Amino acid sequence: MNSDDKWLYEISSKHKLINFNFKEIWRYRDLILLFVKRDITTVYKQTILGPLWYLIQPLFTSVIFTLVFNNLGSISTGNIPPFLFNLAGITAWNYFTACLNGTSNTFRGNAGIFGKVYFPRVITPISVTISNLFKFGIQLIIFGVFYLYYVFSGADLGVTSNLFLFPVYVIMIALLGLGIGMTVSAMTTKYRDLTVLVGFATTLLMYISAVPYPLSEARKKLPEWVADIVAYNPVTQIIEGFRYMLLNTGTFSWLGFFYTLFICVSLFLIGLIIFNRTEKTFIDTV
Amino acid sequence: MSVILIAENISKQYRLGLVGTGTLAHDLNRFWHRIRGKEDPYLKVGALNVRNAKASSDYVWALQDINFEVQKGEVLGIIGRNGAGKSTLLKILSRVTSPTTGVIKTKGRIASLLEVGTGFHSELTGRENIYLNGAILGMTKSEISSKIDEIVAFSGCEMYIDTPVKRYSSGMTVRLAFAVAAHLEPDILIIDEVLAVGDVEFQKKAIGKVKEISKGEGRTVLFVSHDMNAISLLTDRVLVLKNGKVSFEGETDLAIKEYLKGESEEPNYHFDEQIDSPKIREIYIDTSLPNNIHEFGKKLKINFKVELPFGVDNLALSFQVIDEIQAPITHLWQIDSQFNVKREKGVYLFSCIVEKSRLYIGNYSLRVYLSDSKNKERFDFIDSACNFKIEMIKNKRDDYNWEPGSCKYIEDSKWVIEKI
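Residue numbers (the UniProt record's numbering), protein chains in the order written: chain S, 1 to 286; chain Z, 1 to 420.
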């Protein structure tokens with residue numbers, strides 16, 4: 001009886017480089033939806049303002065940024081109202097950090113449940129990214145509201161012809177956040193040092209990612225090598241591109257676009273590989 | 001019958017001590033061996049998984065060369081002492097962790113009832129949690145929807161089903177969780193000690209459900225328990241694990257005997273360290289059969305070797321015979337002050353002789369006290385020492401078999417019957 005080829009699956013220590021089993025993930029699609037639902041509904045249970053908190057945080061940050069960087073620090077945002085400029089940057093940046101922070105804690109935060117049941121581990125980062133997409137959507141709506149407000153009060157705003165690339169930018173943010181987040185998550189199972197690092201590194205990263213200022217200002221005012229760091233930082237490219245799509249400000253080049261796309265996809269794949277290597281035995285070391 | 005699951009040479013190595021210093025060095029060394037195409041250097045080392053032996057290496061084999069097959073529709077029991085590797089094996093089977101070496105091949109989907117209630121979110125209602133928990137365990141939304149009424153009814157939490165789980169009592173949470181898990185429909189179900197939860201009524205329900213799953217629905221079940229009664233009721237075949245290896249595989253009755261024999265391997269009590277106060281050095285029982293098995297009604301002799309590093313005036317030695325549920329059955333003592341004995345420094349052997357032991361079938365152990373009876377100072381206390389077993393061998397009772405648990409001891413009595 002030759003039945004060896006009929007095995008449903010094997011459990012062994014060997015693993016493929018990338019183990020992204022779409023069929024299995026598809027079978028668990030309901031779990032993704034339920035995780036997303038859980039993440040969204042439980043955060044603000046027993047709060048009065050509820051989902052309004054999603055709006056308050058970016059609005060207040062934008063106000064503070066406008067006061068500090070544009071009024072006090074007199075950073076020029078061209079003919080774009082500084083508040084709108086900051087709001088656009090912060091919306092994109094928030095989605096990035098939410099994905100990064102949410103996924104970087106995947107293994108440690110879920111050790112309890114991962115230690116008892118099997119489901120494709122990659123479901124957790126995927127659902128984090130999707131539930132953050134929901135928050136991002138809400139924040140984008142509030143951006144739209146202010147955008148219309150400024151248009152009606154006479155600001156000179158225009159949308160670029162490249163707006164069709166907007167979804168690609170959103171995907172790039174997600175891939176970058178996921179890629180770095182999954183790497184960090186995998187590393188922290190053994191070496192906890194990274195948790196500490198990620199905490200303050202994201203805050204600092206914001207300042208070299210051109211969130212509160214346009215890249216052109218950085219070129220003008222910062223030493224050249226610092227400006228180069230800012231320019232080659234993929235997050236800068238995403239934020240600049242994002243603002244370019246929505247506000248027609250800053251620079252856009254196809255070279256920069258493909259450079260960023262390449263980096264995002266590579267980091268995502270590296271993250272996925274490391275994540276896959278870790279998921280099988282992390283429970284022994286976490 | 002066809003084979004649904006095969007485990008081949010499953011081994012699992014764990015690192016002893018803390019993960020920390022040295023981890024990076026070992027990882028780098030491993031990596032260096034791997035890129036040169038050599039074997040992992042740390043796989044060659046590793047001690048046998050003996051919990052109470054002193055660690056001889058930084059690595060330990062929690063499981064070593066486990067091989068077994070499971071037939072479709074079979075209920076396989078897995079038994080073993082604490083730390084024998086049962087949980088590790090289950091973790092590997094349920095894909096929570098992967099084996100260090102070896103491979104498990106399966107033709108069916110495996111779901112486990114390991115410590116139910118994982119993934120419950122305290123802010124969500126009972127109903128929402130049923131969906132979430134069900135999905136975590138691998139059910140689809142429509143599968144859960146079709147069973148939700150059944151699940152709610154089984155849990156007996158109808159009233160609270162739309163209340164957040166954080167308001168539940170711990171018993172209710174467990175009931176709800178078990179209800180979800182019990183309605184899973186995998187090809188292979190792993191059950192680990194979940195029956196020990198809930199009140200008596202729910203336990204009955206749970207055991208019934210497991211029986212129904214295994215016997216009624218013909219599902220393949222791997223059942224892990226310390227409860228020999230449940231094992232003998234539910235399983236067809238049993239795997240006995242000992243120190244990370246399979247020590248016996250076969251029919252349930254034989255396996256349980258094998259396991260219990262292994263259990264009382266070192267039944268006698270020894271204490272070998274330096275002492276500065278009176279201590280019990282040794283306890284051993286002279287039973288009518290070897291291996292601390294004693295026949296009902298035979299002479300039983302219980303010996304205590306006591307060392308006094310100085311003279312004691314009012315020594316009192318006493319012991320209780322304890323049954324399986326830790327209830328004392330009888331208390332016997334020797335108090336020196338009753339006889340006005342003053343003991344000098346030295347080693348004494350105290351032997352308590354029970355001419356006709358009346359303890360009924362079962363497993364018993366001793367709880368021993370050594371004290372000064374006047375100033376109430378306690379020199380030594382030993383619990384659960386000297387496990388021994390009472391059997392009814394060649395002692396037949398007509399028409400009725402001896403049932404374990406029907407009493408604790410049988411009085412010496414006689415019947416007087418007159419027709420009136």
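By construction, the Cβ of each residue, glycine as well, lies at the ideal position given by its N, Cα and C atoms. Small disclaimer: the values here were computed from a predicted structure and weren't measured.
Query	Result
Under 8 Å from the C-beta of S/E217: neighbouring residues of chain Z	Near S/E217 there are no residues of chain Z at all, since even the closest Cβ is about 42 Å away, more than 8 Å.
Amino acids of chain Z, ordered along the chain, whose beta-carbon sits closer than 9 Å to that of S/Y118	S94, R95, V96, I110, A111, S112 and G138
The stretch 231-251 of chain S touching the stretch 172-184 of chain S, judged by at least three CB pairs closer than 8 Å	yes
Continuous alpha helix (DSSP H) stretch holding S/P234: start and end	P234 to L247
Where Z/A62 falls: helix, strand or coil (DSSP)	strand
Z/P278: first and last residue of the uninterrupted alpha helix (DSSP H) it sits in	From DSSP, Z/P278 is part of no alpha helix (DSSP H); its letter is neither H nor E.
Chain-order list of residues whose beta-carbon lies under 7 Å from that of Z/E344 (same chain, five-residue window excluded)	G311
Residue 465 of chain Z versus Z/L239, Z/S318 and Z/L349, residue with shortest Cα-Cα distance	Only positions 1 to 420 of chain Z appear in the structure, and residue 465 of chain Z is not among them; the question remains open.
CB contact below 8 Å: S/D228 versus chain Z	no
Any chain Z beta carbon closer than 8 Å to S/L194	no
Contact set for Z/F120: own chain, Cβ-Cβ below 7 Å, skip 5 residues either direction	N129, N133, V165, T173 and A177
Helix, strand or coil at S/S127 [DSSP, three-state]	helix
Sub-8 Å separation of S/T66 and S/S185 beta-carbons	no
Chain-ordered neighbours of S/I283 on chain Z, where CB pairs are closer than 9 Å	K91, V96 and T97
Exposure of Z/A181, with buried meaning 16 or more beta-carbon neighbours within 10 Å	buried
Residue-chain proximity (Z/L132, chain S), Cβ-Cβ < 8 Å	yes
Contact belief for Z/N363 with Z/E324 at Cβ below 8 Å, rounded distance in angstroms	5 Å
Partners in chain S for Z/E123, counting only beta-carbon separations shorter than 7 Å	T42 and K45
Bounding residues of the beta strand (DSSP E) (the contiguous stretch that carries Z/Y348)	G346 to V354
Inter-stretch contact at 8 Å, needing at least 3 Cβ pairs: the stretch 271-285 of chain Z / the stretch 101-113 of chain Z	no
Cβ of S/N2 within 8 Å of any chain Z Cβ	Reliability fails at S/N2, whose pLDDT of 44 lies under 50, so the model's placement of it is uncertain and the value that follows must be treated cautiously. So, not an interface residue.
Inter-residue Cα distance where the pair is S/I138 and S/G158	22 Å
Limits of the unbroken beta strand (DSSP E) element including Z/W333	P328 to I335
Beta bridge counterpart(s) of Z/F319 as assigned by DSSP	Z/L332 and Z/V368
Neighbouring residues, chain S, relative to Z/K104 (Cβ below 8 Å)	Per the sequence shown, the amino acid found at residue 104 of chain Z is Ile instead of Lys. Those within 8 Å of Z/I104 in chain S are E10, I11 and S12.
Closest residue to Z/D192 among Z/W32, Z/D236 and Z/I79 (Cα-Cα distance)	Z/I79
C-alpha distance - Z/S11 paired with S/M182, whole-angstrom precision	28 Å
Closer than 8 Å to chain S by CB, Z/Y14	yes
Cβ shell of Z/L90 (< 8 Å), same chain only, five flanking positions each side left out	I78, S112, L114, I190, D192, L222 and V224
Interface residues of chain S facing Z/K345 [CB-CB closer than 8 Å]	Within 8 Å Cβ-Cβ: nothing; Z/K345 doesn't reach chain S, min ~53 Å.
Delimiting residues of the beta strand (DSSP E) encompassing Z/F304	L300 to L308
Boundaries (first-last residue) of the alpha helix (DSSP H) holding Z/L241	Run containing Z/L241: none in the alpha helix (DSSP H); it sits in the beta strand (DSSP E), R237 to K242.
Close beta carbons around Z/S337, own chain, < 8 Å, minus the five adjacent residues each side	D313, N314, A316, S373 and K374
Closer than 9 Å at the beta carbon, the chain Z residues around S/K280	R95, T97 and S98
Own chain residues within Cβ distance below 6 Å of Z/V354, not counting five before or after	L300
C-beta contact flag for S/A111 and S/I274 at 8 Å	no
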